[in-house]
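Heads up, the thing below is written out as structure tokens.
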Amino acid sequence: MGPSNDCNAQRTNHLMNKPLIATILILVLCAPLQTLQAELPAPELSHGLTRLQPPVTAPGFSLADMDGEQHTLDDYRGKVIMLNLWATWCPPCRREIPSMESIFQDLGDRGFVVLAVNQFETPDHVFAYMGQLSVYPTFPVLFDRDSKVSELYGVKGLPTTLLINRQGQVVYRAIGGRDFDHPRVRAIVNELLTENGTPVTTLTNVQ
Amino acid sequence: MNYFIRHSGNILAVLLLSAAGCVSYCFAAVETFTDETSGLISWKAQHPGFSLQFIQLLPDYVRAVYGARGLPQEVVELMAGYCVFGTIIKNESADVLGYRVADWHYFTADGQSHPVKTKTQWLKEWQDMGVAFRWSLLPDEQQFSAGDWSQGFTTLPLAPGTIFKLNYQWTQQGKTHNGTFERLQCAADKSPDE
Chain A
153 MGPSNDCNAQ RTNHLMNKPL IATILILVLC APLQTLQAEL PAPELSHGLT
203 RLQPPVTAPG FSLADMDGEQ HTLDDYRGKV IMLNLWATWC PPCRREIPSM
253 ESIFQDLGDR GFVVLAVNQF ETPDHVFAYM GQLSVYPTFP VLFDRDSKVS
303 ELYGVKGLPT TLLINRQGQV VYRAIGGRDF DHPRVRAIVN ELLTENGTPV
353 TTLTNVQ
Chain B
1176 MNYFIRHSGN ILAVLLLSAA GCVSYCFAAV ETFTDETSGL ISWKAQHPGF
1226 SLQFIQLLPD YVRAVYGARG LPQEVVELMA GYCVFGTIIK NESADVLGYR
1276 VADWHYFTAD GQSHPVKTKT QWLKEWQDMG VAFRWSLLPD EQQFSAGDWS
1326 QGFTTLPLAP GTIFKLNYQW TQQGKTHNGT FERLQCAADK SPDE
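Those protein sequence lines, which keep their order, are chains A and B. Numbered according to this note's numbering, the first sequence spans residues 153 to 359. Numbered according to this note's numbering, the second sequence spans residues 1176 to 1369.
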């Protein structure tokens, strides 16, 4: 095993002539095996998105919403799409919904849409869950009952969020919960909204 | 001999520093948290740019999760009999980070090493019972970019209250790293506050 962090190795070398001081300092700085008793804080939602290079053509799909109406990816061609894969049992999924609603409310009329693709659950179950949320989502909630769409996009864990540009390419990805209302995420979406380009037709469609 | 005496301080320092370095990296800073309401314990190992958290889950919680899927009662009871943790893995570095559950091992009180069963292995074992929890179990392996994280159930075939040691592994900047939780404990059969 090769330790990748040697706790300030340069400082260590400099202090080698004063072994006692160096030892005390290093033990304090490295703070090994510290055990605390406290209440577990909820993990903070980060805001970083990973740019995919090169971008990947977004696979098409057709999924039903809460009312049974079909939505295809092509329906949103030319828009910037935030494709969020989620489930009700997943705590970070729940926590990021208000931030998705907020950014959708602000940028929806500029060609931005959020598609929340639920995994493996029933509309009845999700409907009951939605009623418990502090912010009721106004963006489409779609049902990927057999997880075919998540497989198409190579998703392994929930939540996973993908940003699709106006040209139909997946350009950003986030694994794990995020604060999508963060200025840096808004800046990325704004940048995608101002990009020019001809929308491409999606290559495959999954029912 | 004179050389040894003259430099013994430095040698001691080197030994202590090496030990401190190893301790801080190999074992990391392990924090233990206790939920005030339930009394359940969680452990968080903090390494440079990487953290791993194991959260006790009560058998009753596992019953509720699996029962909500309409599984037969005997299957629900089987699931509740396992030792289940909520697991959170975070990439807190600026680099790509990866893990494979297949590389993790746990050690029982008799000193025996056991591989941690992956989601794929569990689902294969459970497929005839109609358990298809592909999303709630911790993914077998993942590659995280900066800021990515994941969570899911880690299931071990251990009785409630069992104490064990867990060795885990991850890769970061092309290097493989190892860490240890010296003392994890499966949740008791009932909440400590009951």
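A virtual CB, placed ideally from N, CA and C, is assigned to each residue, including glycine.
Verify the CB distance criterion: does residue i have a CB-CB separation below 8 angstroms to chain A?
i	result
Arg-1238 of chain B	no
Pro-1234 of chain B	no
Ser-1406 of chain B	Residue coverage of chain B in this structure runs from 1176 to 1369, which leaves residue 1406 of chain B outside it and unanswerable.
Gln-1317 of chain B	yes
Arg-1275 of chain B	no
Arg-1309 of chain B	yes
Pro-1314 of chain B	yes
Do you know how far the Cα of residue j is from the Cα of residue i?
i	j	result
Gln-1296 of chain B	Thr-1209 of chain B	31 angstroms
Lys-300 of chain A	Lys-1292 of chain B	25 angstroms
Ala-1362 of chain B	Thr-1212 of chain B	15 angstroms
Tyr-324 of chain A	Pro-1234 of chain B	38 angstroms
Glu-248 of chain A	Gln-1302 of chain B	32 angstroms
Ala-183 of chain A	Ala-339 of chain A	In this predicted model, Ala-183 of chain A has a pLDDT of only 38, less than 50, meaning its place in the structure is not dependable enough to derive any value.
Ile-233 of chain A	Tyr-1274 of chain B	30 angstroms
Trp-241 of chain A	Arg-297 of chain A	15 angstroms
Thr-1346 of chain B	His-1352 of chain B	6 angstroms
Phe-272 of chain A	Arg-1358 of chain B	35 angstroms
Arg-203 of chain A	Trp-1324 of chain B	16 angstroms
Gly-1356 of chain B	Ile-1338 of chain B	Here the sequence assigns Phe to residue 1356 of chain B, which means Gly is not the residue at that position. Approximately 11 angstroms between the Cα atoms of the pair.
Tyr-305 of chain A	Gln-1317 of chain B	14 angstroms
Asp-333 of chain A	Leu-1333 of chain B	42 angstroms
Trp-1218 of chain B	Ala-1203 of chain B	12 angstroms
Leu-1331 of chain B	Val-293 of chain A	35 angstroms
Phe-279 of chain A	Ala-216 of chain A	14 angstroms
Leu-267 of chain A	Trp-1279 of chain B	36 angstroms
Ala-1277 of chain B	Gly-1214 of chain B	31 angstroms
Leu-1313 of chain B	Val-287 of chain A	28 angstroms
Leu-355 of chain A	Met-1254 of chain B	The pLDDT assigned to Leu-355 of chain A is 41, lower than 50, so where the model puts this residue is not dependable, and the model offers no usable value.
Ser-1222 of chain B	Leu-1341 of chain B	In the sequence under discussion, the amino acid at residue 1222 of chain B is His, which differs from the Ser named in the question. Using only the alpha carbons, I get a separation of about 15 angstroms.
Is residue i close to chain B, meaning its C-beta is less than 8 angstroms from at least one C-beta of that chain?
i	result
Phe-291 of chain A	no
Leu-310 of chain A	yes
Gly-306 of chain A	no
Ile-327 of chain A	yes
Phe-332 of chain A	no
Phe-295 of chain A	no
Gln-284 of chain A	no
Phe-279 of chain A	no
Gln-321 of chain A	no
Phe-272 of chain A	yes
Ser-96 of chain A	Because chain A spans 153 through 359 in this model, residue 96 of chain A falls outside it and cannot be assessed.
Ala-339 of chain A	no
Ala-216 of chain A	no
Within 10 angstroms of the Cβ of residue i, are there 16 or more other Cβ atoms? Answer buried if so, exposed if not.
i	result
Lys-1350 of chain B	exposed
Ser-1288 of chain B	exposed
Thr-274 of chain A	exposed
Ile-327 of chain A	buried
Gly-320 of chain A	buried
Tyr-1257 of chain B	buried
Tyr-1343 of chain B	buried
Asp-331 of chain A	buried
Arg-262 of chain A	exposed
Asn-348 of chain A	exposed
Gly-220 of chain A	exposed
So is residue i in contact with chain E if we call contact Cβ pairs under 8 angstroms?
i	result
Ala-268 of chain A	Of the protein chains in this structure, namely A and B, none is chain E.
Please list the residues of the segment 1322-1352 of chain B that have a C-beta atom closer than 8 angstroms to any C-beta atom in chain A, keeping them in chain order. Within the segment 1322-1352 of chain B, the residues whose Cβ lies closer than 8 angstroms to some Cβ of chain A are Gly-1322, Asp-1323, Trp-1324, Ser-1325, Gln-1326, Gly-1327, Gln-1347, Gln-1348, Lys-1350, Thr-1351, His-1352, listed in chain order.
If we count Cβ pairs, one from each stretch, closer than 8 angstroms, do we get three or more for the segment 311-321 of chain A versus the segment 242-255 of chain A? Enough Cβ pairs lie closer than 8 angstroms, so yes.
Pull out every residue of the segment 257-268 of chain A whose Cβ sits closer than 9 angstroms to any Cβ of chain B, in chain order. For the segment 257-268 of chain A, which is checked against every Cβ of chain B, not one residue is closer than 9 angstroms.
Does the segment 1240-1255 of chain B come into contact with the segment 1270-1286 of chain B, if we say contact requires no fewer than three beta-carbon pairs (one atom in each stretch) closer than 8 angstroms? No: fewer than three Cβ pairs fall under 8 angstroms.
Touching or not, the segment 1311-1330 of chain B and the segment 1250-1261 of chain B, by the rule of three or more beta carbon pairs under 8 angstroms? Contact holds: three or more Cβ-Cβ distances are below 8 angstroms.
Contact between the segment 1210-1230 of chain B and the segment 215-232 of chain A (3+ Cβ pairs under 8 angstroms): By the C-beta criterion, the segment 1210-1230 of chain B is judged not to be in contact with the segment 215-232 of chain A, since fewer than 3 inter-stretch pairs fall below 8 angstroms.
Between the segment 195-209 of chain A and chain B, which residues of the former have CB atoms less than 7 angstroms from a CB of the latter, in chain order? Contacts with chain B (Cβ-Cβ distance below 7 angstroms) from the segment 195-209 of chain A involve Pro-195, Ser-198, Gly-200, Thr-202, listed in chain order.
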